[in-house]
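In terms of the working numbering, the sequence shown opens at residue 65 and continues consecutively.
This report refers to the structure that appears directly beneath it.
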Amino acid sequence: MNPYVPILALMAIAAGFAGFSLVATSLSGPKRYNRAKLDAYECGIEPTPHAAGGGRFPVKYYLVAMLFIVFDIESVFLLPFAVAFDTLGVFALVEMVLFVITVFIAYAYVWRRGGLEWD
């Protein structure tokens, strides 16, 4: 038996479920649309065309987003290291410690500069 048959069967089941969900919601959902239902949901507040601070996002928003990406990438590197720790040896351990230290130095720098404080 081909080893890819179970994977293809799982993909077919997932695609069938996605298609069934789309068809079922379109058939059973409400059909009365109005302007309020088609607007973007703003947590119960009337949506405004511009942001409250003059139309621009604060720079700290982007800093937090970049920090999230940095720590997300760090976790992507740490997981395979943790899985293959026994076979990699001491060299990989030293490299991973240097990588974590580098990331935490950047984190400490941003924390010290006040990049994580919301005014």
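We put the beta carbon where it would ideally sit given N, CA and C, even for glycine.
Here residue 160 is not near residue 143, since their CB atoms are 9 Å or more apart.
Annotated three-state conformation of residue 176 is helix, per DSSP. A direct Cα-to-Cα measurement between residue 75 and residue 65 gives close to 17 Å.
Here residue 171 is near residue 131, since their CB atoms are less than 9 Å apart.
Following the DSSP letters along the chain, one finds residue 126 inside the alpha helix (DSSP H) bounded by residues 123 to 147.
Between the alpha carbons of residue 165 and residue 138 lies a distance of about 11 Å. Looking at 156, 153, 146 and 128, the one whose alpha-carbon comes closest to that of residue 180 is 128. In this structure, residue 167 sits near residue 135, with a CB-CB distance shorter than 9 Å. In this structure, 123 is the residue among 154, 123 and 98 with its C-alpha nearest to the C-alpha of residue 178.
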